[in-house]
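To start, the structure itself, in structure tokens.
Protein chains: 2
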Amino acid sequence: MTEPLRPTHLGTMRERNLALVLGGIARHQPVTRARLAELTGLTKTTVAAQVTTLEGLRLVSGALPVREGGRGRPGAPLSLAPGPVAGLGLEVNGHYLAACVLDLTHAVRLRESVACDNRGREPHETVAALAALARRITDRAGDAGLTLVGTAVALPGVLVEDHVNAPNLGWEAVTASALLADALPAQALGIGVDNEANLGALGELWYGAGRGAGSYLYLSGETGIGAGIVVDGELFRGAHGAAGELGHVVVDPDGPACRCGGTGCLEQVAGLDALLRAAGVPDGTGRYELRLTDLTRRLDDRDHDALEAVDAAGRGLAVALVGAVNLLDPDTVVLGGSHARLAPWLIPTIEKAVARGGGRLRGRTPILRASTLGAESAVRGAAGTVLARVLADPLAIAIA
Amino acid sequence: MTEPLRPTHLGTMRERNLALVLGGIARHQPVTRARLAELTGLTKTTVAAQVTTLEGLRLVSGALPVREGGRGRPGAPLSLAPGPVAGLGLEVNGHYLAACVLDLTHAVRLRESVACDNRGREPHETVAALAALARRITDRAGDAGLTLVGTAVALPGVLVEDHVNAPNLGWEAVTASALLADALPAQALGIGVDNEANLGALGELWYGAGRGAGSYLYLSGETGIGAGIVVDGELFRGAHGAAGELGHVVVDPDGPACRCGGTGCLEQVAGLDALLRAAGVPDGTGRYELRLTDLTRRLDDRDHDALEAVDAAGRGLAVALVGAVNLLDPDTVVLGGSHARLAPWLIPTIEKAVARGGGRLRGRTPILRASTLGAESAVRGAAGTVLARVLADPLAIAIA
DNA sequence: CGAATAAGTCCAATGTATGCACTAAACAGG
DNA sequence: CCTGTTTAGTGCATACATTGGACTTATTCG
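Going down the list, the sequences are from chains A and B.
Its first residue numbered 1, the first sequence is counted upward by one per residue in the numbering used here.
Its first residue numbered 1001, the second sequence is counted upward by one per residue in the numbering used here.
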């Protein structure tokens, strides 16, 4: 019942089949034209024509002829070209800026990050610092013979119709895309902006702990707790692009008050600030890195308060996750952000609480894992979305 | 990253545009060819050709020439034909079987229901009774000049890969579609089977309290509690088609044990059985209808136990809904099933608990409403899915 | 009553996928 | 070593849905 369906004309057909062929190459490389014809359901003739176009776009290149030992004429295998087309991912976080360049084969070609405190900094200052980083890495990409065709930026906040609210950065209703478009170098695909939890989810899904999962929940735990939800390989954004606010699920109706106005929100029990406070880690410098290390040391030393705090967090997470799993039915749950570091203590607690508290969990219990990309999941995911856009619409990069 | 993308050829293009034109007529009827060309982005020529096809399928017919007062030649308005094409919805519930025929204009042309106790009855007996009902209504449809092109069946259970588990019917791993295909009359579009909560959600979305909502949560409350989730007009099924099990969200970690193995599940606090028990309504005949009326009478009489029971249920529902709203971000929540009857008491309680407990609720609080279709939402939704399939793929009805 | 305007139809042109015939490159066996 | 077989990739005429523009039809305005 969605209105703005677009008409299909001949050009549309061609675009779709072009993306189909490119997708076939991406998933089955190295692959011959003949096999692509089988995979896509198109004729050999059509596949050959589309491949010619893709080679022109420098998205696809011939690989070494793989001797198969088969009988007839051997095919000429095709693969995604490891250049020059590449995507740029950027991330703004409370404590650092990061950038990452992926080529079409999903290989990390360049990465760079800058530690700096962005909390409370003026948005345009932060954006200027990000732009400097972007320019630096764009230059390096040029030197390496790479052409960046698009950028995606991960922000630690909620996007509602282009207005970003990022409490941990002190951003309120910032019109991010305009700000970024002015500051960042222009590219064929322009600039995408998304939630750090959403992009982190995609990063882990494609390159990390979520690989192979069709449906999947990524828990991004820092001061706040967000969730990135992936269903059948697609990001689920909810009605207004603001789904996945796991941090304000009520896990204890009689619990402490939350800044959101509610009581007993997950964030108040399992958020990093709450956890550190409960574990008795002193405020110190405010550098989370140090405080987190302090916490893990206490846990290793079997400090009573620390263990108890993590236990309480695990029980809260279990309640929230049972809820989320019953509603969304994912196969895998990945703990990311700072909570990935705490996974060795959290996961057993959660599993125990789930087993005791929500036993069946829709017939199958989802696999619980720790993030494997650590702090890099969001940048990687951001860069990955650029590649995904190229795969979905290869001609878009040629327009510029 | 989903594999089985289908190739697009000329025929595909035609099908898509045919559906586009039909959709345009459905949403803007009565509408002229010229206006359709603007709406769809196709040329007048193409629209005219597609309309001819649709008239041949008897899906579209000319309406009375509406005098617009405009200058040039007046257009010939087109509308969806109120016949003969129609869809059949069926429902199996614990206490009744129901059927409903909708024509393309979404008008209810026929309805019929049979009260009978299906709990514990052998699946094939229940299906035989349903088949008898279906035959009766198919005959009546024939008499009325209607051609039923497809059927959808609503079942009160979870479908996992064609195996139906319906605890309230005593069905375990029943291969429903084979059973139904044998028993029901053959039709062009075949038989669809889905969860009663899912189809109820669509019924309310299209014809009831959810009209106009883009994104939306339907709570189907009986003994168990299920949810149908609609995002941007599409049913959200989760990874394995089993999303929306709201009944086993934990709302009180210290609450009573549930048959699912967990503790403090919503169902144990707000399910109809639990509610009736807590309110002190005697077991009586087991006819829910009577017991529910008993409960509402007690509530009208301001009976303490009854009010307290509903209050507890409302608090539990508030916790579950805050969780669901934070994860899914719908605009509207509709209470259906037996809980629609309790809505006058439940809604204020839920709203109060939400205001106290989860205040902000993602910036906007969703509107809370009672179902307006009552027991009919699932059959209506089922019949509606048949029409939706016709609109999505008009040529499918011509194959048979 | 004629000019202007808009709806709908006819027809040649465009462009994409198709089907089939053809060439190219390997292997198997005499 | 040569021939037949098998499979990969290319070339060309064909089919067909959409397009764009010219044409016909029906109504209003002056």
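C-beta atoms are modelled at their ideal positions from N, C-alpha and C, and glycine is treated no differently.
Just so we're clear, the structure is a prediction, and the values are computed from it rather than from any experiment.
Go through its chain and collect everything with a Cβ distance to residue i's Cβ below 8 Å, but skip five positions before and after it.
| i | result |
| --- | --- |
| B/CYS1258 | HIS1248, GLY1264, CYS1265, GLU1267, GLN1268 |
| A/LEU246 | LEU219, ILE225, GLY226, ALA227, LEU266, ALA320, ALA324 |
| A/LEU54 | LEU18, VAL21, LEU22, ILE25, VAL60, PRO394 |
| A/TRP206 | HIS106, ARG380, GLY381, GLY384 |
| A/ALA141 | ALA86, LEU88, VAL101, ARG109, LEU110, THR147, LEU148 |
Pick helix, strand or coil for residue i, following the three-state DSSP scheme.
| i | result |
| --- | --- |
| A/THR420 | Not covered by the structure: residue 420 of chain A. The range shown for chain A is 1 to 400. |
| B/HIS1163 | strand |
| B/GLU1257 | Here residue 1257 of chain B turns out to be Ala, not Glu, going by the sequence shown. Reduced to three states, the DSSP call for B/ALA1257 is strand. |
| B/GLY1062 | strand |
| B/THR1126 | helix |
| A/THR385 | helix |
| A/SER177 | helix |
| B/GLU1245 | coil |
| B/ARG1109 | strand |
| B/THR1147 | strand |
| A/THR8 | coil |
| A/VAL319 | helix |
| A/ASP311 | helix |
| A/ALA76 | coil |
| A/GLY337 | strand |
| A/LEU97 | strand |
| A/GLY170 | coil |
| B/ALA1086 | strand |
| B/LEU1104 | coil |
| A/LEU292 | helix |
Thinking C-alpha only, which one of the options is nearest residue i?
| i | options | result |
| --- | --- | --- |
| B/VAL1114 | B/HIS1095, B/GLY1120, B/LEU1102, B/ALA1128 | B/HIS1095 |
| A/SER220 | A/LEU328, A/ALA392, A/LYS44, A/LEU317 | A/LEU317 |
| B/VAL1092 | B/ALA1076, B/HIS1124, B/HIS1106 | B/HIS1124 |
| A/THR105 | A/GLU161, A/LEU299, A/PRO30 | A/PRO30 |
| A/TRP345 | A/ASP311, A/ARG27, A/ALA378 | A/ASP311 |
| A/ILE397 | A/GLY41, A/LEU148, A/VAL51 | A/LEU148 |
| A/ALA128 | A/LEU180, A/GLU351, A/ALA375, A/LEU290 | A/LEU180 |
| A/LEU235 | A/ALA176, A/ASP182, A/GLU204, A/ASN326 | A/GLU204 |
| A/VAL158 | A/THR40, A/ALA340, A/GLY150, A/ALA197 | A/ALA197 |
| B/LEU1373 | B/GLY1271, B/VAL1108, B/GLY1070, B/THR1012 | B/VAL1108 |
Identify, in the order they occur along the chain, each residue of the same chain with its Cβ nearer than 7 Å to the Cβ of residue i, setting aside the five sequence neighbours on each side.
| i | result |
| --- | --- |
| B/ALA1173 | HIS1163, ASN1165 |
| B/GLY1233 | GLY1214 |
| A/GLY359 | The predicted position of A/GLY359 is uncertain, since its pLDDT is 47 and thus under 50; a value taken from the coordinates is nonetheless stated next. Closer than 7 Å at the Cβ level, and outside the excluded window around A/GLY359, lies no residue. |
| B/GLY1170 | ARG1119, GLY1120 |
| B/ALA1340 | ALA1370, SER1371, GLY1374 |
| B/ARG1058 | ALA1081, PRO1084, VAL1085 |
Can you have a look at residue i and say buried or exposed, based on whether 16 or more other CB atoms are within 10 angstroms of its CB?
| i | result |
| --- | --- |
| B/HIS1304 | exposed |
| B/PRO994 | Since the first residue shown for chain B is 1001 and the last is 1400, residue 994 of chain B is missing from the structure and cannot be characterised. |
| B/PRO1074 | exposed |
| A/ASP329 | buried |
| B/ASP1194 | buried |
| B/ASP1117 | exposed |
| B/THR1032 | buried |
| A/THR293 | exposed |
| B/THR1043 | exposed |
| B/ALA1152 | buried |
| A/PRO282 | exposed |
| B/ASP1301 | exposed |
| B/PRO1077 | buried |
| A/ARG369 | buried |
| A/ALA186 | exposed |
| A/GLU376 | buried |
| A/GLU222 | buried |
| B/ALA1134 | buried |
Can you find the residues in the same chain that come closer than 6 Å, C-beta to C-beta, to residue i, ignoring five residues on each side of it along the sequence?
| i | result |
| --- | --- |
| B/THR1256 | First, the amino acid is wrong: residue 1256 of chain B is Pro here, not Thr. Taken in chain order, the residues that qualify are GLN1268. |
| B/ARG1315 | ALA1353 |
| A/LEU299 | ALA306, TRP345 |
Taking only heavy atoms of the ligand ATP into account, decide whether any of them is closer than 7 Å to the Cβ of residue i.
| i | result |
| --- | --- |
| A/GLY23 | For the structure depicted, the ligand ATP is absent and the ligand set is empty, with no information on it obtainable. |
(request) List in chain order: all unbroken alpha helix (DSSP H) runs of 4+ residues lying wholly within the segment 33-60 of chain A. (result) Segments of the alpha helix (DSSP H) lying fully in the segment 33-60 of chain A: 33-40, 44-56.
(request) Taking only runs that begin and end inside the segment 1181-1228 of chain B, name each unbroken beta strand (DSSP E) of 3 or more residues, in chain order. (result) Assignment of beta strand (DSSP E) within the segment 1181-1228 of chain B, counting only whole runs of 3 or more residues, yields 1191-1195, 1216-1221 in chain order.
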